[in-house]
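Here the structure is laid out as structure tokens; the discussion comes afterwards.
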Amino acid sequence: IASLAELPETDKASYIDANPLPSRCLDGRLPLLGTTIDESSGSTGTPYNWVRGAAERDHVRRMISFFARYAFGSQPMVVLNAFSMGAWATGLTTAIALERNGLVKATGPHVEKIIGTMRELGPGYRYLVVGYPPFLKLLLDEGDARGFDWGAYTMHALLGGEGNSEGLRDYLLRRFRSVVSGYGATDVEIGLAAETPVTTALRRLGPRR
């Protein structure tokens, strides 16, 4: 291939739907050792399966761990992974990746499990709560309704799975010390990009929505 212009444009209909999963793997075979299948969220209507090899998974996990260290520092923390677990790529991959950064508990999006874990471990740790932006708002609202003392805890938030507005970031910053978003897609790969202090400052120059 001399130029990217020689490659045909593809979309899910012309590439994914038109070709069975094994034919989209190296040598046209579904590898059965050292691989996993990630499933996308299905936000477009149909979840799609993607085969990931060991080298690819290790690269993504290192990138997620690097970003967490960049955004929240190298001091160990308790990570509460509130992403849905199972075949969906982000939940399991994020949980494994952040083992490099601290103690991980994959609670899934369950308010009771998160608050219960924080009560059991106590406020003597830094906490990183990872999850969908709307769920983190729900978590704070439910905690307030139950009289949970958020102010006693040092908490940071890592958001993903969908976009985050600056209005919601302001709301979350009432309890969290910092709120940062990561970006990606299962169809391409999670952990493709992340907010920095500069990009966040640029976003916050606009209206709060």
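Take the sequence shown: its letters are residues 120 to 328, numbered as in our numbering.
Here a beta-carbon is modelled for each residue, glycine too, at the ideal position from N, C-alpha and C.
Note that the structure is a prediction, hence the values are computed from the model and not measured.
- Assuming TYR246 and MET237 form a contact by the criterion Cβ under 8 Å, report the distance between their Cβ atoms to the nearest whole angstrom. By one-based count along the sequence shown, residue 246 stands at place 127. By one-based count along the sequence shown, residue 237 stands at place 118. Going by Cβ atoms, the distance from TYR246 to MET237 rounds to 7 Å, so yes, they are a contact pair.
- Query: Can you give the Cα-Cα distance for LEU258 and PRO228, rounded to whole angstroms?
  - Reply: Translated into the one-based positions of the sequence shown, residue 258 becomes position 139. Translated into the one-based positions of the sequence shown, residue 228 becomes position 109. Those two C-alpha atoms are separated by around 9 Å.
- Message: Can you check whether the C-beta of VAL248 is within less than 9 Å of a C-beta belonging to chain B?
- Response: You won't find chain B in this structure, because it holds only one protein chain.
- How about GLY270 and PHE186: do their beta carbons lie closer than 9 Å? Walking along the sequence shown from the start, residue 270 turns up at place 151. Walking along the sequence shown from the start, residue 186 turns up at place 67. Result no, Cβ atoms of GLY270 and PHE186 do not sit closer than 9 Å.
- Task: Would you kindly check if the distance between the Cβ of PRO166 and the Cβ of GLU158 is under 9 Å?
- Result: On the sequence shown, residue 158 is found 39 positions in, with the first residue counted as 1. On the sequence shown, residue 166 is found 47 positions in, with the first residue counted as 1. Yes, Cβ-Cβ distance for GLU158 and PRO166 is below 9 Å.
- Task: Locate the alpha helix (DSSP H) running through VAL179, then write down its first and last residues.
- Result: The sequence position of residue 179 within the sequence shown is 60, counting from 1. It spans 173-191 - the alpha helix (DSSP H) in which VAL179 sits, taken as one unbroken run.
- At least three beta-carbon pairs within less than 8 Å, the stretch 182-196 to the stretch 213-221: yes
- Task: Could you check which residue in ILE233, GLY243, GLY286 has the C-alpha nearest to that of GLU261?
- Result: The residue labelled residue 261 in the question sits at position 142 within the sequence shown. Ranking ILE233, GLY243, GLY286 by Cα distance to GLU261 puts ILE233 first.
- Item | Alpha-carbon to alpha-carbon, MET196 and PHE267 | For the purposes of this step, residue 267 is taken as residue 148 along the sequence shown, with counting starting at 1. For the purposes of this step, residue 196 is taken as residue 77 along the sequence shown, with counting starting at 1. Going by the C-alpha atoms only, they are around 20 Å apart.
- Span of the alpha helix (DSSP H) holding LYS232? Along the sequence shown, read from residue 1 onward, the residue named residue 232 stands at position 113. Its alpha helix (DSSP H) spans residues 230-240.
- Message: Measuring only the C-alpha atoms, how far is THR154 from VAL170?
- Response: Position 35 of the sequence shown, counted from the start, is the residue given in the question as residue 154. Position 51 of the sequence shown, counted from the start, is the residue given in the question as residue 170. THR154 and VAL170: Cα-Cα distance of roughly 7 Å.
- Find the nearest neighbour of ALA320 within the set LEU311, LEU145, SER284, ALA304, judged by alpha-carbon distance. Residue numbering aside, residue 320 sits at position 201 when the sequence shown is read from its first letter. If we check each option's Cα against that of ALA320, SER284 comes out closest.
- Task: Kindly give me the distance between the Cβ atoms of ALA313 and ALA190, rounded to whole angstroms, as I take these residues to be in contact under 8 Å.
- Result: The residue given as residue 313 occupies position 194 in the sequence shown. The residue given as residue 190 occupies position 71 in the sequence shown. Between ALA190 and ALA313 the Cβ distance is about 7 Å, and since that is below 8 Å, they are a contact.
- Start and end of the alpha helix (DSSP H) containing GLU125? Here residue 125 refers to the residue found at position 6 of the sequence shown. Segment: none, GLU125 is in no alpha helix (DSSP H) and carries neither H nor E.
- List the endpoints of the continuous beta strand (DSSP E) containing ALA201. Reading the sequence shown from its first residue, position 82 is the one you call residue 201. Looking at the DSSP string, ALA201 is not in any beta strand (DSSP E), and its letter there is neither H nor E.
- Thinking LEU278 and VAL299 are a contact (beta carbons under 8 Å), I'd like their distance in whole angstroms, please. For the purposes of this step, residue 278 is taken as residue 159 along the sequence shown, with counting starting at 1. For the purposes of this step, residue 299 is taken as residue 180 along the sequence shown, with counting starting at 1. Right, their Cβ atoms sit about 7 Å apart.
- CB contact flag (PRO242, TYR272, <9 Å): For this step, residue 242 is matched to residue 123 along the sequence shown. For this step, residue 272 is matched to residue 153 along the sequence shown. Cβ atoms of PRO242 and TYR272: closer than 9 Å.
- N- and C-terminal bounds of the beta strand (DSSP E) containing THR273: Within the sequence shown, numbered from 1, the residue matching residue 273 stands at position 154. It spans 273-278 - the beta strand (DSSP E) in which THR273 sits, taken as one unbroken run.
- Query: Using a Cβ-Cβ cut-off of 7 Å (strictly less than) and excluding sequence neighbours within five positions of VAL223, which residues of its own chain qualify?
  - Reply: What you label residue 223 is simply residue 104 of the sequence shown in a count that begins at 1. So the qualifying residues of the chain are VAL198, ASN200, ALA214, LEU217.
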